[in-house]
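One structure below.
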Amino acid sequence: MALTGIQIFKLLPKTNCGECKFPTCLAFAMALAAGKAELDACPHVSPEARAELSDASAPPIRQVGIGVGDYEVRIGGETVMFRHEKTFFNKPGLAILITDAMDEAEAERRFAKLSLYQYERVGLTLRPELVALKETGNKERFLNLVRKACGMPYSIILMTLDAALMKEALDIAKERRPLMYAATEENYEEFGNMAKNYGAPLAVKGQNIEEAATLSEKLTGMGIKDLVLDTGQRSVRDSFYDQVCIRRAALLNKYKPLGFPTITFPCEMTDNPMKEVLIASAFVAKYAGIIVMSDFEGETLFPLLLQRLNIYTDPQRPMTTKEGIYPINNPDESSPVLVTCNFSLTYFIVSGEIENSRVPSWLCVMDTEGLSVMTAWAAGKFVGDLVGAFMKKCGIIEKVHHKKVIIPGYAAGILGDLEEELPGWEVLVGPREAAHLPAYLRMWK
Amino acid sequence: MAFEIPKIRYTGKIQEVAVGTGKRAVRVGGASCYPFYRFEGEMPNPTRVAFEVWDHRPEDWQEWAVEPYKDVIHDPVAWAKKSIDAYGAEVIALQLKSADPNGMDRPADEVVRVVQDVVNAIDVPLIIWGTANDEKDADLLRKAAEVCEGKNVAIGPVSEKNYKQIGAMAIGYGQIVMASTPIDVNLAKQLNILLGNLGMPDEKVLMDPTTGGIGYGLEYSYSVIERDRMAALTQEDVKLQHPVICNLAHEVWKTRESRLKREDDEKLGDELKRSILMESITAMSLAIAGADIVIMRHPESAKLVKEMIGELMK
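Chains F and X, in that order, give the protein sequences.
Read left to right, the first sequence gives residues 3 to 447 (the working numbering).
Read left to right, the second sequence gives residues 654 to 967 (the working numbering).
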């Protein structure tokens, strides 16, 4: 069981020295209890207290960083089994496999895919983050791939079981904090020492979940903190079970040896690229830290990135779209004007239906703090005077000749107030459901 | 230290519901564990894929969605038969689109003739999905329940507004209802209670929690289904122990990202494969959350999802 802030406070020096960057020991204790601080920040805690606290204060699943800079991938650090219980924090990193058996052109193509397949959505960039470089016998070629990857910003996974080769690769890529894959029963001591010397995160690969736990315990014993788990299972079902069991063991049983993020390999589970994406989607939902794919294409990657965005959206915070005027289907000065709220789901659905209608239109999106039309209306954020003021200042008046605006059917109640706020304008009540917009717009004159 | 898989103690079980009659009837639900967690409980029935068939030729489908059905798309009976014979459909979901007052608004009597033709032509279970317009459905689905007497079909969506009219007919003709609520655990529970009070047997109720497609609210449906399942299985919430159905095909295929062609946006890649994956990832995500029936469109999406479910059920 985790300790409460007060229980932790009792074990601290209570000197309020402030060296931990918190004003008081109590504030530090609270931060520890919330998993927002590390005990190491306190230089004065007694060894006995440290022993007692370090167990209790460490987050149940370690957050591990791979790579540096813009492409750093943080995985683990999760605190719940189900996203509705709080949120999932760190989306799984997506990796493309590049092996030493591929020819130059193919490797180039794969590296290029990481910069090509990037998608803007709700102010975020959806993109894959990692290259998994795999040695299959051609050491020189493998090291060349490592050199090449170091000239690009993506995070790197180094896949070889050969300790000497791993050392050479680390010498090339050490600045990049690559993930070493993998420590096994045979090589863990050498790999552990390298991970320590180079400060690189280390994946362990067991034959099964028990062996992965045993290895992680041994490596933790060597003082290594940043581990990633592979249970070695390559059937969809068994790997899926392991993801669930690892998350549970860490969160429910506080079982330390499994308190790490995982790495999964849909690329080794099927030869069908379509099915591989579905396998990956199951691991997005259930707990993978890294997902290694055999290849990416726009049609396989985009849906997966979209699902990852959905599952890792914070349910406590609505997604919003930027306030402003959105032209759809190339509108001109005589095109209809619609106004709606800035809940991003509303925006996507409304703009999608307008697009489906093929009617050129102006969509004015007003900042309602991410509330949907009905909720915003009930909360007084989508009412006549506010919508009116927004229409005047947003700039739509300069874009059209007419003075007509369509409001959502669910906001019909603001009609009178809005007309008062916009003298000379005709306020039209649109349909309640976005699905009925195409029919409505096609009749618009 | 020996490692033991931490197991959840489940106290509840999902009601098992049989849809259809005879040899090809399909059972759904019956689980006493979270979806596919068969290392710690029973999941006697796999998630089922229902193939959608429209009651009228669809106007605005992508040509690559029409393609597998192009020879039958004008004829609901032939369409349903092709889905079964050529694509292996185990369940047909007839979407009564043409009855929608915001669309063609075909009279209920006319549409019900289509229902009758389809139900008499097939031997797999039938799901009948109305217009989601409360008044129209009250009339339409009551008549549908009547013409399908003895076929044990599922009818819906049934809402708080029309559950009495439709529910009474469903009870009278021994049909199953799909209780539909807008992404909310408490509303779902309440409608199930109301249906129970009306006399609807527990083994005749499926839940429709409202489905959002990938990129368009999938996460809301995903989490409400997980919450329903959690309440049903671990909090002894008997009134939520019903199988879940997700009518997802239209939600996915109407989106912008399933309509754009490769030439519109090179980065989105091949339109056919992309929309198949958008549909099958939506189905897979909902199945993992707890959907017991997923209504799908493209035969390739259905095949992929069935294959994945097979892998997880091994």
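The beta-carbon is built from N, C-alpha and C at its ideal position, and this holds for glycine as well.
Treat the numbers as computed from the prediction; the structure is a model and nothing was measured.
query: Can you tell me whether residue 677 of chain X is buried or exposed, with buried defined as 16 or more other CB within 10 angstroms of its CB?
result: Residue environment for residue 677 of chain X: exposed (fewer than 16 other C-beta atoms within 10 angstroms of its C-beta).
- prompt: Helix, strand or coil for residue 309 of chain F per DSSP?
  reply: Three-state result, residue 309 of chain F: helix.
query: From what residue to what residue does the beta strand (DSSP E) around residue 24 of chain F run?
result: Premise fails: residue 24 of chain F is in no beta strand (DSSP E) and is neither H nor E.
task: Helix, strand or coil for residue 740 of chain X, going by three-state DSSP, please let me know.
output: DSSP places residue 740 of chain X in coil when its eight states are reduced to three.
- request: Assign residue 964 of chain X to one of two classes, buried (16 or more other C-beta atoms within 10 Å of its C-beta) or exposed (fewer than that).
  value: Buried: at least 16 other Cβ atoms inside 10 Å.
field: Chain-ordered residues of the stretch 291-325 of chain F with a beta carbon less than 9 angstroms from chain X
entry: Cβ contacts with chain X come from 299, 300, 301, 302, 303, 304, 305, 306, 308, 309, 311, 312, 313, 314, 315, 317.
message: Classify residue 736 of chain X: buried if its beta carbon has 16 or more other beta carbons within 10 angstroms, exposed otherwise.
response: Buried: at least 16 other Cβ atoms inside 10 Å.
- prompt: Any contact of the stretch 207-220 of chain F with the stretch 232-244 of chain F, i.e. 3+ C-beta pairs under 8 angstroms?
  reply: Yes, the stretch 207-220 of chain F touches the stretch 232-244 of chain F.
query: Of all the CB atoms in chain X, is at least one closer than 7 angstroms to the CB of residue 434 of chain F?
result: With 7 angstroms as the cut-off, residue 434 of chain F does not count as an interface residue toward chain X.
message: By the three-class DSSP mapping on this structure, what secondary structure does residue 345 of chain F have?
response: It is a strand residue.
query: Hey, which unbroken runs of the alpha helix (DSSP H) at 4 residues or more fall wholly within the stretch 695-748 of chain X?
result: The alpha helix (DSSP H) runs of length 4 or more contained entirely in the stretch 695-748 of chain X are, from start to end of the chain, 716-719, 729-738.
message: So within the stretch 134-184 of chain F, which uninterrupted alpha helix (DSSP H) runs reach at least 4 residues, ignoring any that extend past its ends?
response: Those alpha helix (DSSP H) runs which fall completely within the stretch 134-184 of chain F and span 4+ residues are 141-152, 165-175.
- request: Identify the contact partners of residue 354 of chain F in chain X, using a Cβ-Cβ distance below 8 angstroms as the criterion.
  value: Chain X residues near residue 354 of chain F: 869, 907, 908, 909.
message: Which of the three DSSP states is assigned to residue 123 of chain F in this structure?
response: Strand, per DSSP.
query: Of all Cβ atoms in chain F, is any one closer than 7 angstroms to the Cβ of residue 959 of chain X?
result: No, residue 959 of chain X lies away from the interface with chain F (no Cβ there is under 7 angstroms from its Cβ).
task: Note down, one range per segment and in chain order, each alpha helix (DSSP H) of at least 4 residues found wholly within the stretch 25-55 of chain F.
output: If we require 4 residues or more, the alpha helix (DSSP H) runs fully inside the stretch 25-55 of chain F come out as 27-35.
field: Identified DSSP bridge partners for residue 339 of chain F
entry: The partner list for residue 339 of chain F (beta bridge, DSSP) reads F:364.
field: Contact list for residue 755 of chain X against chain F, beta-carbon separation under 7 angstroms
entry: Neighbours of residue 755 of chain X on chain F, chain order: 438, 441.
Residue interval of the alpha helix (DSSP H) (run including residue 219 of chain F): Where residue 219 of chain F is concerned, the enclosing alpha helix (DSSP H) stretches over 211-223.
- request: Using the Cα positions of residue 819 of chain X and residue 857 of chain X, report the straight-line distance between them to the nearest angstrom.
  value: Their backbone Cα atoms lie some 13 angstroms apart in a straight line.
- prompt: Along chain X, which residues have their Cβ under 7 angstroms away from the Cβ of residue 168 of chain F?
  reply: Those do not exist, as residue 168 of chain F stays about 28 angstroms from chain X at its closest Cβ, beyond 7 angstroms.
query: Does the count of Cβ pairs from the stretch 51-65 of chain F and the stretch 186-205 of chain F closer than 8 angstroms reach three?
result: With a cut-off of 8 angstroms, the stretch 186-205 of chain F and the stretch 51-65 of chain F do not count as touching, because too few Cβ pairs lie within range.
- request: Flag this pair as yes or no: are the beta carbons of residue 853 of chain X and residue 824 of chain X separated by less than 7 angstroms?
  value: Taking 7 angstroms as the Cβ cut-off, residue 853 of chain X and residue 824 of chain X qualify as a contacting pair.
query: Expressed to the nearest angstrom, what Euclidean distance is found between the alpha-carbon atoms of residue 422 of chain F and residue 409 of chain F?
result: The C-alpha of residue 409 of chain F is placed about 15 angstroms away from the C-alpha of residue 422 of chain F.
- request: Using three-state DSSP, classify residue 273 of chain F as helix, strand or coil.
  value: Taken through DSSP and simplified to helix, strand or coil, residue 273 of chain F comes out as coil.
query: Within 7 angstroms (strictly less), CB to CB, does residue 247 of chain F reach chain X?
result: Residue 247 of chain F counts as touching chain X.
task: Check the DSSP bridge columns for residue 680 of chain X and list the partner residues they point to.
output: Partner(s): X:671.
field: Interface residues of chain X facing residue 332 of chain F [CB-CB closer than 7 angstroms]
entry: Result: empty, since nearest Cβ-Cβ is about 14 angstroms, beyond 7 angstroms.
field: Reduced DSSP secondary structure (H/G/I, E/B, other) of residue 764 of chain X
entry: When secondary structure is reduced to three states using DSSP, residue 764 of chain X falls in the helix class.
- prompt: Given that residue 860 of chain X touches chain F, what residues does it touch there, using C-beta distances under 9 angstroms?
  reply: Residues of chain F with a Cβ closer than 9 angstroms to the Cβ of residue 860 of chain X do not exist, since the nearest Cβ in that chain sits about 17 angstroms away.
query: With C-beta atoms as the reference, is residue 296 of chain F less than 7 angstroms away from residue 321 of chain F?
result: No; because the gap between Cβ atoms is not below 7 angstroms, this pair is not in contact.
Per-residue burial, residue 307 of chain F [other beta carbons within 10 Å of its own, 16 or more giving buried]: Classification of residue 307 of chain F: buried, given that the 10 Å Cβ count is 16 or more.
field: Touch test, the stretch 153-160 of chain F against the stretch 119-126 of chain F, Cβ-Cβ under 8 angstroms, three pairs minimum
entry: The stretch 153-160 of chain F is not in contact with the stretch 119-126 of chain F.
- request: Can you say whether residue 697 of chain X is buried or exposed, counting buried as having 16 or more other CB atoms within 10 angstroms of its CB?
  value: Taking every protein chain shown into account, the CB of residue 697 of chain X has fewer than 16 other CB atoms within 10 angstroms, so this residue is exposed.
message: Considering only the alpha carbon of each residue, which of X:913, X:771, X:786 lies closest to residue 707 of chain X?
response: Sorting X:913, X:771, X:786 by C-alpha distance to the C-alpha of residue 707 of chain X places X:771 at the top.
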